[in-house]
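There are 4 protein chains.
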Amino acid sequence: MEKSQMMELFEKAKVASKNSYSPYSKFPVGAALLMEDGSVVTGANIENRSFGLSNCAERSAVFTALSAGYRTFKALAIATPKADYPVGPCGACRQVLTEFAPAGTPVCFGASEDNMVFTTLGELYPYDSLHELGSDT
Amino acid sequence: MEKSQMMELFEKAKVASKNSYSPYSKFPVGAALLMEDGSVVTGANIENRSFGLSNCAERSAVFTALSAGYRTFKALAIATPKADYPVGPCGACRQVLTEFAPAGTPVCFGASEDNMVFTTLGELYPYDSLHELGSDT
Amino acid sequence: MEKSQMMELFEKAKVASKNSYSPYSKFPVGAALLMEDGSVVTGANIENRSFGLSNCAERSAVFTALSAGYRTFKALAIATPKADYPVGPCGACRQVLTEFAPAGTPVCFGASEDNMVFTTLGELYPYDSLHELGSDT
Amino acid sequence: MEKSQMMELFEKAKVASKNSYSPYSKFPVGAALLMEDGSVVTGANIENRSFGLSNCAERSAVFTALSAGYRTFKALAIATPKADYPVGPCGACRQVLTEFAPAGTPVCFGASEDNMVFTTLGELYPYDSLHELGSDT
C-alpha cells in the first residue's frame, strides 16, 4: 500500500477522534479501517466510569465493521491528537485486530503527520498462535 | 414508548444478529438502539479466540453509535435467536449502557416475538451510583 | 449472616484497598470474599494505562479465589475509602460474581462504617438467565 | 535467568492450570510469576458465561500478586497442557504484564517440557509507548 493512501486513512482517523467519549482520560483516539471494497470504517475510544469497561478506538472500528458484515480489513490508521509521540495500539486491540486480518496488514499511528510510525499487524503482535500456524479461523 | 415500536426495534435486532461473529459460542446476538433522531444503530456480538476479548452485541451497538457522534439513546432491543428463553444483557453491557441513557430507558429482549421480556435499564442495573445521585455525565 | 460478620468482612476489604494500584483514577477499592471454609480472600483494583484493561477489586478477589481452587463464596464486602457515598460493584463484577454464588449471597459496600449499603447478589443482578433458570454451572 | 529456573516455574504453572475454571473453552491455562523475593504467585484462567468477562491465567496471577502488595515480577511461565503447540499470552495479558515489568523480563510458554518457547516481555509486546519512553511507572 502506498504511503499516500495510509496518510489519507490517517486523516480519517483524526476526524474520527473528534467523536471520542473520553471524560476520564481526556485522551481522544480515532481509528480508521480500510475495507476490501474501498470503504472506510472509523471508531473512537468510548470510556466508562468503571475504567475496565472502556473501549479503544481500534476496537470500536472493528466491532462496527464486523457488525456491518465485514470479515476482514486491508489497513489501519490510528490518531492520538493529544499525544506528544506516536502511541501504538494496546494489547487488547492487537489481539482483536489479528483475529480478522493477516500479519502483513499495514498499520500506521501517530499524533500528527510529522511524527508517525509505519508498521504491520505482525510486527505489533508476534508469536501469534493463530496466524503463525496458518489457521484461517 | 409503545410496544409496537419496541417490536419494530426487536426485528432490527434480529436482522443485526445475522452479522454475528461467534465461532466459539455458536450463539449469535443482535442489538438495536433507537436514537433521539429516530434512526436505529445496530450491533452484533464479535468474539475472539481469547474469550475475554469478545464483545457483546449491545456494546457493539453502543460503540458504533458513540463513535458516530451520538451521546444517548432512547430504547434498546436485544435478540438471541438461538436461545430457548429470553437472555438479558450481561453485566458489562448493563454498565456500558447506563453510562449513556437514564434509568427509565425501555429495554426488551428475547429469542422470538413469542417470548420476550420488557423492562428498563434501571431495573436491569439497580444501585447505580451514577444515576441515583443525579449525575448527568 | 449477622451484620457483625459483614462488618468484619468490610474491615478486611478496607485493608485490601491499601494494595490498590490506581494511578489513573486515584480511586482505591478493596474487596473481601468470605469462603465456605471460613477463610477470607481479598483483592484490590489493578488499573492499566489502557483503561479498558483495568480490573476491579471484586474481580481480583474472585480470580484469586478461583485460582486457589475455590468454586463459590458466601459473602462479599467492598470498600471505597475515598468515595463520599456507597459505590456498588460495576456491571462486569456483578456478572463475574454471579457465576460463582447464588442470588441470596449477602453483599455490603460503602466508604466507611457509617454509610453502607447491605444487599444481595440477586438484588444487584436481576434478570440473570443463569440463576433464574436453576442452572448450577 | 537460568533455564532450569524457568522450567521450575513452568512446573508451577502446570500445577496452577488444575484450578482453571474453563467450562466454555475446555482449555485450561496456568501461569506462574516469579517475584523479587523469590516467592511464586500463580493463576488460572477463570471464564464466564458472558465470554467477554473471562480472565486469562496470566492476568489472574498479576491481579493476585498486585493485590497482595507486589509491584513487579522477575519472570513468567505459562502452561497450556491441552494444546498441541506452544500458545503465547493474548494481547490483553501482554498489555497488563508490561505495566509491571521491564521489556527484558523472561517469559516461557508451552504445552509440555518438550515443546516450549523462551522469549521476553519486550519481544511479545513491541512498540510499547510506556517502556520505550523510559517510564518506570
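Residue numbers (UniProt numbering), protein chains in the order written: chain C, 1 to 137; chain L, 1 to 137; chain P, 1 to 137; chain A, 1 to 137. Think of the CB as a built atom: it goes at the ideal place given N, C-alpha and C, for glycine as much as any other residue. As the structure is a computational prediction, the values presented were derived from the model and not from experiment.
- Note on C:K26: under 16 other CB atoms within 10 angstroms of its CB, so exposed under the neighbour-count rule.
- In terms of Cα proximity to A:C93, the closest of A:S20, A:Q5, A:K18 and A:A31 is A:A31.
- Selection A:F51, A:S60 and A:D114 evaluated against P:S54 yields A:S60 as nearest (Cα-Cα).
- Residues of chain L whose Cβ lies closer than 8 angstroms to the Cβ of A:A92 are, in chain order, S50, G52 and L53.
- In the displayed model, P:M116 falls within a strand according to three-state DSSP.
- For the 8 angstroms CB-CB criterion, C:E123 and A:P126 form a contact.
- Across the structure, A:K18 and C:K74 are spaced so that their CA atoms are roughly 41 angstroms apart.
- Residue state for L:G38 is assigned as coil, using DSSP reduced to three classes.
- Contact between the region 66-73 of chain P and the region 31-43 of chain P is present: 3 or more CB-CB pairs across the two stretches fall below 8 angstroms.
- Collapsing the DSSP output to three states places A:G30 in a strand.
- Ranked by Cα distance from L:G91, the first of A:F51, A:G91 and A:P89 is A:F51.
- Contact between P:S67 and A:T120 does not hold, since their C-beta atoms are separated by about 24 angstroms, which reaches or exceeds 8 angstroms.
- Apart from sequence neighbours up to five positions away, the residues of its chain that approach C:N45 with a beta-carbon distance below 6 angstroms are S20, S22, V29, C56 and A57, ordered along the chain.
- DSSP, read as helix, strand or coil, puts L:C108 in strand.
- The beta carbon of A:F100 lies closer than 6 angstroms to those of T72 in the same chain, with the five residues before and after it left out.
- In the structure shown, the three-state DSSP call for L:A83 is coil.
- Residues of the same chain with a CB within less than 7 angstroms of the CB of A:K82, apart from the 5 flanking positions on each side, are F27 and P28 in chain order.
- An exposed status is given to C:K3, since fewer than 16 other beta-carbon atoms sit within 10 Å of its beta-carbon.
- Contact annotation for A:P126 against chain C: E123, L124 and P126 [CB-CB distance below 8 angstroms, chain order].
- Chain-ordered, the chain A residues with CB closer than 9 angstroms to the CB of L:S25 read Y24 and F51.
- Bounds of any alpha helix (DSSP H) do not take in C:S25, whose DSSP letter is neither H nor E.
- Comparing alpha-carbon positions, the option among P:I78, P:G69 and P:Q5 lying closest to P:N115 turns out to be P:I78.
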